[in-house]
Amino acid sequence: MAIFRLLAASAPAPRLSVLTYNVFCGPPTPTPLAGTLDGSARLAGQISKLRELAPDVICLQEVVSDGVRERYAHALSDMYDASFVLTADEFRCRAGRMMRLALDHVGPQTTIGGFLLGSVQSGLVILHKRATLERDGLATAFPFEDQAGDLLNRFRPRGALAVPLRLRGDGSRLLVVNTHANAESGDQLFDLSRLLSGAGISSIPSTSVHRKTQLQQLFLEASRLAEARGARALLCGDLNSSPELGEWAPLASRFGFVDAWRPSGGPGHSWDGARAYCRDAAECGRGTRNPLVREGWLSPGDGAATRLDYIFCGEASRLTPLESRLALDEPEQGHWLSDHFGVMTTFEAAPFAAREGRPAPLGCPATGRSPAATGQRLAGQRSLLEDTPFSA
Numbered sequence: 001m002a003i004f005r006l007l008a009a010s011a012p013a014p015r016l017s018v019l020t021y022n023v024f025c026g027p028p029t030p031t032p033l034a035g036t037l038d039g040s041a042r043l044a045g046q047i048s049k050l051r052e053l054a055p056d057v058i059c060l061q062e063v064v065s066d067g068v069r070e071r072y073a074h075a076l077s078d079m080y081d082a083s084f085v086l087t088a089d090e091f092r093c094r095a096g097r098m099m100r101l102a103l104d105h106v107g108p109q110t111t112i113g114g115f116l117l118g119s120v121q122s123g124l125v126i127l128h129k130r131a132t133l134e135r136d137g138l139a140t141a142f143p144f145e146d147q148a149g150d151l152l153n154r155f156r157p158r159g160a161l162a163v164p165l166r167l168r169g170d171g172s173r174l175l176v177v178n179t180h181a182n183a184e185s186g187d188q189l190f191d192l193s194r195l196l197s198g199a200g201i202s203s204i205p206s207t208s209v210h211r212k213t214q215l216q217q218l219f220l221e222a223s224r225l226a227e228a229r230g231a232r233a234l235l236c237g238d239l240n241s242s243p244e245l246g247e248w249a250p251l252a253s254r255f256g257f258v259d260a261w262r263p264s265g266g267p268g269h270s271w272d273g274a275r276a277y278c279r280d281a282a283e284c285g286r287g288t289r290n291p292l293v294r295e296g297w298l299s300p301g302d303g304a305a306t307r308l309d310y311i312f313c314g315e316a317s318r319l320t321p322l323e324s325r326l327a328l329d330e331p332e333q334g335h336w337l338s339d340h341f342g343v344m345t346t347f348e349a350a351p352f353a354a355r356e357g358r359p360a361p362l363g364c365p366a367t368g369r370s371p372a373a374t375g376q377r378l379a380g381q382r383s384l385l386e387d388t389p390f391s392a
């Protein structure tokens, strides 16, 4: 028995790989470089690369179209289960149907139609690999209390998705929180002088008091929910906040989260239009250059380079970042996959003593209400919980 205990003690700690990725639903109207993600070659390329990378956890943002959600379902059902919350906002559905009828007379489906009609709350999806992880309860989505500062929030409120999981290897609990915080398109869309002058919207978001309020709620609730469940904590997503703004770093420190990129060093530019423009895959070797950023719809990003996408781990989670790198950062068969690059981190998962007893349920942090479930109301919306494995 002593030999077995010695071998167990000397065995390497298991690894856990996590990827966060803004899939870029597409510009409001098609451009020469990109259209809606739904049914596109970009979507096929994304799925192919994710299957190749095969991380244990995938956090997706901008899954605003039901068609995109369903395509991921068919393609990855053999490896992953998915969690997301479906919401039926009556006003958005009515407006979406009217918009779709109008667009059907104009041409093919656009991103606007998918944005208005799509039912995935906040456009957030979390996938976990069944071989490594299993569900430990129901997922819940919570909207941010502060929805000001971004015009798009009037149609699709921003927030976060929290999914309780359990590592199959050691049985420890893991809480994964995925988010997409404010951009600043709402404020700048009303700056007519800027638009009329041809300046467009800034490619890199500037500081925002509303975003800082959202991030404070995000880190606070992620910390609270993980502690209540006795779980390791992972927080991932598109914060729309560069390190240079100094918005998230004090909050992460205050609520006990570590930026997983930091040990790897380097800038980690997941939003990068700064390097030489390249027109096709043959011209573009591996590197951090992205024409979808450089020639953004109303927000050209020539020279823009920063990090907007993050993975954080709880300080008490016994998760040590071993390596972080950019992913999905090159074209596939001549198509750039998104205006964002993915960020992927491999963690060492040291032994973690989870609390004994029944974990606290995931409540709705923004309102203090019970978890979203079929027929319940969540922040003024009739919400439906979709918490079943992907199926064809």
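Residue numbers (the UniProt record's numbering): 1 to 392.
Every residue gets a Cβ at the ideal spot worked out from N, C-alpha and C, and that includes glycine.
Inset, instruction - Kindly indicate which three-state DSSP category aspartate 38 falls into: helix, strand or coil? - result: Taking the first residue of the sequence shown as 1, we reach residue 38 at position 38. Three-state result, aspartate 38: coil.
Legend entry - Residues of its chain near serine 242, where Cβ-Cβ distance is below 7 Å and the 5 sequence neighbours each way are ignored: Locating residue 242 in the sequence shown gives position 242, where the first residue counts as 1. Only Ile204, Thr306, Arg307 and Leu308 meet the Cβ criterion.
Inset, instruction - Kindly list the residues whose CB is nearer than 7 Å to the CB of serine 208, restricted to its own chain and excluding five residues on each side of it in sequence; keep chain order. - result: As a position in the sequence shown, residue 208 is number 208, starting the count at 1. These residues qualify, in order along the chain: Gly149, Asn182 and Glu184.
Legend entry - Given leucine 167 as reference, the closest of Leu175, Leu161 and Asp38 once Cα atoms are compared: Taking the first residue of the sequence shown as position 1, residue 167 is located at position 167. Nearest option by C-alpha distance: Leu175.
Inset, instruction - Using only alpha-carbon positions, find the residue among Ala231, Arg173, Gln121 and Asp272 that is nearest to phenylalanine 144. - result: Within the sequence shown, numbered from 1, the residue matching residue 144 stands at position 144. Of the listed residues, the one whose Cα sits closest to phenylalanine 144 is Gln121.
Inset, instruction - State the beta-bridge partners of valine 176 as determined by DSSP. - result: Here residue 176 refers to the residue found at position 176 of the sequence shown. Val163 and Leu234.
Inset, instruction - Along the beta strand (DSSP E) that carries glutamine 61, what are the first and last residues, could you check? - result: Position 61 of the sequence shown, counted from the first residue, corresponds to residue 61. From DSSP, the beta strand (DSSP E) with glutamine 61 extends over 57-61.
Inset, instruction - Classify residue 403 as helix, strand or coil using the three-state DSSP reduction. - result: Residue 403 lies beyond the range of the chain shown here (1 to 392); nothing can be said about it.
Legend entry - Bridge-paired residues (DSSP) for methionine 79: Here residue 79 corresponds to residue number 79 of the sequence shown, with the count starting at 1. Answer is none; methionine 79 lacks a bridge partner.
Inset, instruction - Classify threonine 31 as buried or exposed, calling it buried when 16 or more other Cβ atoms lie within 10 Å of its own Cβ. - result: The residue you call residue 31 lines up with position 31 of the sequence shown. Under this definition threonine 31 is an exposed residue.
Legend entry - Nearest-angstrom beta carbon gap, alanine 327 and leucine 53 [assumed within contact, 8 Å]: Taking the first residue of the sequence shown as 1, we reach residue 53 at position 53. Taking the first residue of the sequence shown as 1, we reach residue 327 at position 327. Rounded, the Cβ-Cβ distance is 6 Å, consistent with contact.
Inset, instruction - Please report the residue range of the alpha helix (DSSP H) in which proline 157 lies. - result: Taking the sequence shown and counting its residues from 1, one reaches residue 157 at position 157. It is not in any alpha helix (DSSP H) - proline 157 carries neither H nor E in the DSSP assignment.
Legend entry - Straight-line Cα distance separating alanine 160 from serine 383: By 1-based counting over the sequence shown, the position of residue 383 is 383. By 1-based counting over the sequence shown, the position of residue 160 is 160. With a pLDDT of 35 at serine 383, under the threshold of 50, the predicted position of this residue should be treated as unreliable, and no value is reported.
Legend entry - Whole-Å CB distance - glycine 45 paired with histidine 335, under 8 Å assumed: One-based indexing of the sequence shown puts residue 45 at position 45. One-based indexing of the sequence shown puts residue 335 at position 335. Confirmed, about 6 Å.
Inset, instruction - Could you say which of Pro250, Asp238 and Asp136 lies nearest to alanine 231 if we only look at CA atoms? - result: One-based indexing of the sequence shown puts residue 231 at position 231. The option with the nearest alpha carbon to alanine 231 is Asp136.
Legend entry - CB contact below 9 Å: threonine 20 versus chain B: As a matter of chain content, chain B is missing from the structure shown, which is built from one protein chain.
Inset, instruction - Have a look at Pro351, Thr345 and Asn290 and flag the residue whose alpha-carbon is nearest the alpha-carbon of aspartate 56. - result: For the purposes of this step, residue 56 is identified with residue 56 of the sequence shown, where counting begins at 1. When each option's Cα is compared against that of aspartate 56, the closest is Thr345.
Legend entry - Neighbourhood of alanine 131 by C-beta distance below 8 Å, restricted to the same chain and skipping five residues each side: On the sequence shown, position 131 is the one that residue 131 refers to. Contacts found: Met79 and Arg168.
Legend entry - Residue span of the alpha helix (DSSP H) that contains phenylalanine 347, given as start and end: Residue mapping note: residue 347 aligns to position 347 of the sequence shown, counting from 1. Note, phenylalanine 347: premise wrong, no alpha helix (DSSP H); beta strand (DSSP E) at 342-349.
Inset, instruction - Just the C-alpha distance for arginine 318 and phenylalanine 155, rounded to the nearest angstrom, thanks. - result: Position 318 of the sequence shown, counting from 1, holds the residue named residue 318. Position 155 of the sequence shown, counting from 1, holds the residue named residue 155. Answer to the nearest angstrom: the Cα atoms are 39 Å apart.
Inset, instruction - Give the straight-line distance between the Cα atoms of alanine 75 and phenylalanine 352, rounded to the nearest whole angstrom. - result: As a position in the sequence shown, residue 75 is number 75, starting the count at 1. As a position in the sequence shown, residue 352 is number 352, starting the count at 1. Distance between the alpha carbons of alanine 75 and phenylalanine 352 is about 33 Å.
Legend entry - Segments of 3+ residues assigned as beta strand (DSSP E) that fall wholly inside the region 201-253: 232-238
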